[in-house]
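The sequence shown lines up with residues 1 to 263 when you count with the working numbering. Using N, Cα and C, we set each Cβ at its ideal position, and we do this for glycine too. All remarks here apply to the structure that follows.
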Amino acid sequence: MDWDDLRYILIVSRAGTLAAAARRLNVNQTTVARRLAAAERTLATRLFERIDGTLQPTKSGEAAIAHASRVEQDVRALELGIGGADGEVSGLVRLTAVPILINRLIIPVLPQLHARHPRLRLDLVADARNASLTRREADIALRLARPEGGRGILARRLGYLDYAVYGPRRRSARHLPWITYEEGLAHLPQARWMETASRGEALAPLSVSDAETILQAIRRLSGAEAVLTRELWLLTHSELRHHGRFAAVVAWLGDLVKTRLTG
């Protein structure tokens with residue numbers, strides 16, 4: 001079995017569905033299903049079973065995933081050893097953050113980064129979930145909370161993100177309905193703040209899964225002072241910190257946050 005077959009097994013295990021794996025691999029769902037079936041024929045065992053709509057690894061699947069993870073780490077170490085030897089800022093860096101940070105903070109200033117490092121390629125993963133650096137789903141992550149400890153992961157606080165109350169244009173702030181986060185995100189600090197602030201009022205007519213969804217045709221209502229502040233943390237692999245392309249992106253993110261959020 002070659003590395004490409006193992007890579008398909010790894011991505012399916014991380015994505016949970018064939019459709020999600022296809023999006024990550026930039027292929028169609030049929031291709032993923034065919035490659036997975038071929039891997040199972042080669043190994044003469046079933047690797048995944050469908051449970052509650054998601055693909056869960058069997059015992060054999062868990063063993064294959066563990067082996068594939070070790071191969072992935074070896075390949076990654078080889079790439080880093082060769083690609084970072086001359087310190088040149090070139091190659092791929094995979095960066096993940098919630099959509100609002102990707103769309104509003106990072107994308108508007110990407111031309112500056114590429115003008116500085118034209119051979120650098122940035123793979124942006126705008127995802128509300130926390131992609132795992134430990135499982136190599138990303139090289140660098142921006143998080144809106146102090147991260148829990150992880151083996152081989154470096155974390156530092158870049159700055160703070162202030163929150164305010166906003167409302168639709170040309171509308172009075174009095175008796176405006178709240179737009180809240182859906183129940184699965186009720187643990188977020190801003191969702192808890194809204195729950196407290198809107199207590200006793202009518203149920204919100206709309207709930208969303210990300211702040212980006214509600215940033216349309218709005219104006220500020222809460223004045224100059226922030227109603228809530230969250231920490232912004234940067235995470236990366238400890239082994240990457242001295243390699244040119246990763247160090248360049250980390251430094252750029254630090255300057256960006258300092259300029260745009262705290263400047």
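Secondary structure at D52: coil, using DSSP grouped into helix, strand and coil.
Ranked by Cα distance from E231, the first of A128, T17, S13 and Y160 is Y160. DSSP assignment within the stretch 94 to 155 yields the following whole alpha helix (DSSP H) runs of 4 residues or more, N-terminal first: 110 to 116.
Annotation: R24 is outside any beta strand (DSSP E); the continuous alpha helix (DSSP H) that includes it extends over L18 to L25. In the three-state reduction of the DSSP assignment, E231 falls in the strand class, which pools E and B. Going by DSSP, V208 is part of the beta strand (DSSP E) stretching over L206 to V208. Going by beta carbons, D210 and P99 fall inside the 7 Å limit.
The count of Cβ pairs closer than 8 Å, one atom from the stretch 110 to 125 and one from the stretch 152 to 166, stays below three, leaving the stretches out of contact. Of the residues L158, I11 and R14, the one whose Cα lies closest to the Cα of T259 is L158.
In the structure shown, H242 falls within a coil segment according to DSSP collapsed to helix, strand and coil. The beta-carbon distance between S60 and R46, rounded to whole angstroms, is 7 Å. This is short enough to meet the 8 Å contact definition.
In the structure shown, the three-state DSSP call for G223 is coil. Secondary-structure assignment with DSSP links R157 through a beta bridge to W233. For R94, same chain residues with a beta-carbon under 6 Å away, outside a window of 5 residues either side, are D123, A138 and D139 in chain order.
Shortest Cα-Cα distance from R151 to any of D162, R135, A145 and A141 involves R135. DSSP places T45 outside both helix and strand once states are collapsed to three, so it counts as coil. When rounded, the separation of the alpha-carbon atoms in L92 and S222 is 41 Å. Burial is judged here by how many other beta carbons sit within 10 angstroms of a residue's own beta carbon; A251 has fewer than 16 and is exposed. For P168, the enclosing beta strand (DSSP E) begins and ends at Y166 to P168. The beta carbon of R119 sits closer than 6 Å to those of S90, all from its chain and outside the five residues before and after it, given in chain order. The beta carbon of V32 is closer than 6 Å to those of L18, A21 and A22 in its chain, skipping five residues each way along the sequence.
Taken through DSSP and simplified to helix, strand or coil, T58 comes out as coil.
Each of E182, L176 and T229 was checked against the Cα of R219, and the nearest Cα belongs to L176. Taking L154 as the centre and dropping the five residues before and after it, the same chain places the C-beta of L235, T236, H237, S238 and R241 closer than 8 Å to its C-beta, in chain order. A97 places its beta carbon 7 Å or farther from that of D162.
Relative to the Cα of A37, the nearest Cα in the group L142, I51 and V12 belongs to V12.
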